[in-house]
Every structure is written in structure tokens, then in C-alpha cells.
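What follows is a set of notes on a single structure, which appears directly below.
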Amino acid sequence: MPHPRDLEPAVRVEVRTPVEAGAGVLVHSGSDRAFASFTWLLAAAQDRAEAKAAWAKRNGIALLRCGGVFGAIRIEADLIHAAAGTKDSAEVNVFLAAALRGAPVFQDQHARRYYVLVPRSTGERQEWRGGRLGPKAEFLGVNSVIGVPRPDATGPGERSYWCVPPEGPGFLAVPDMVSQLVSIGRLRQVETQQAADGSEGAAPTAFRA
18 MPHPRDLEPA
28 VRVEVRTPVE
38 AGAGVLVHSG
48 SDRAFASFTW
58 LLAAAQDRAE
68 AKAAWAKRNG
78 IALLRCGGVF
88 GAIRIEADLI
98 HAAAGTKDSA
108 EVNVFLAAAL
118 RGAPVFQDQH
128 ARRYYVLVPR
138 STGERQEWRG
148 GRLGPKAEFL
158 GVNSVIGVPR
168 PDATGPGERS
178 YWCVPPEGPG
188 FLAVPDMVSQ
198 LVSIGRLRQV
208 ETQQAADGSE
218 GAAPTAFRA
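Using our numbering, the first residue of the sequence shown is number 18, and each one after it goes up by one.
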């Protein structure tokens, strides 16, 4: 059985490197990206006016529909912490940014859940249709509505905030990377429990040889 650190993403992702500003080079600022993401996310709003009004408030969240411009994977905080090997918010955020290659993730601190934005087709994959990665991780698609923080809510002082802010319209997580993240979290929880019990049992299905 491979160690989680040895697992490689099944999908190649282009890692974008910073570009130095120069003559004739248009550089988009963080505020530009936030505005573009704001406009893109609003396309999923049940009521655009209500969503904009909600985001104008402190700790405001907008109700957005899944299954259109994006789907979402809802993951319990303890599973994310197990995968990251820490409960420290700043360290977890850095881990998520690296593990998911900068894909958008937000956390509802009150409910202790993380949400990863993914392509709407993710729910058609066997691991999500069959519930193999549950029960602490669930795909949310058509008929699901989630409360999403405004794009510039990026600090833990907010009830819900972006651990990894949207890079821009349509930039979503690679499904294989999310599945791998969840599987690693499950495996580490099992290993921790086995160590506490002083026993060895079967690994989660996803990691059996």
C-alpha cells in the first residue's frame, strides 16, 4: 500500500508562475480577480439582488445554487485536519492551497465544514455516486444550495471565509485531487485510531491493495 505522500495526482494541472510587470503586460490585481469572481459567483445566485445585499454585510453569506456553474464537495473539518496533520488555521490553509493547486475553498467555522468548488460533473464519478468517500465528505450538485462568503472575505475573523480565495471565473478544483485529499484524511484518521487502540485493522477501502 503506497504511503499518502507517494500518491501523485491523476490529472496533470498547469501550475501558473508569477509574471513580472513590464511594458505591454497587463497585470490583474487581487481586487480585479475578486470582482471577476464576485460576478461569476453571482451567476449561481437564486436572487442576485439578495446575494449582493448579503455580501454587503459583515459576515454576510449569499445563497448560491450548486449544479450550474459549479458543484461543491462538503468536507467535515476533522477530516481536513487529519489530512493536513494540523488544526492550525493558517497551516491548514497553506496545505489546502498546495494540495488543491490553488482551487477555491471556503470554511463555515460555525458548522466546522469546508467546501471545495468543483466542476458540476464531479458527482457523476463513481466515488461520489457510490458514497465510497463518505460519510464525512459529500458532493453537492443540482437541488443543493450553499451559503457562500463574499469573495473578499479571506480572514478567520469572519464566520465563513475563503481559506483559498477564487483565482477567477471558472477556476475549480480537479476532482481527482479532492478525492485524494479525502482518502488521505480518512486513512490518517484510521491510523490515529489504530495507534490509540494499539491495534491494526483493515485500511479504508480506497487504500486496500
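Every residue gets a Cβ at the ideal spot worked out from N, C-alpha and C, and that includes glycine.
Who are the near neighbours of residue 187 in its chain, counting only those whose CB is closer than 6 angstroms to its CB and skipping five residues on each side?
Excluding residues within five positions, none has a Cβ falling inside 6 angstroms.
Can you name the start and end residues of the beta strand (DSSP E) that residue 154 belongs to?
154 to 157
Within this structure, are the beta carbons of residue 61 and residue 72 separated by less than 8 angstroms?
The answer is no: Cβ separation not under 8 angstroms.
Unbroken stretches of the beta strand (DSSP E), 3 residues or longer, contained in the segment 103 to 169:
122 to 125, 130 to 135, 154 to 157 and 162 to 166
Counterpart residues of residue 177 in DSSP-defined beta bridges:
125
Report yes if the C-beta distance between residue 137 and residue 174 is below 8 angstroms; otherwise report no.
The beta carbons of residue 137 and residue 174 sit no closer together than 8 angstroms.
Please state whether the Cβ-Cβ distance between residue 117 and residue 207 is less than 8 angstroms.
no
Is DSSP giving residue 184 helix, strand or coil here?
Three-state DSSP puts residue 184 in coil, outside helix and strand.
Opposite residue 227 in the DSSP bridges: which residues?
Absent from the model: residue 227. The displayed extent of the chain is 18 to 226, so no value can be given.
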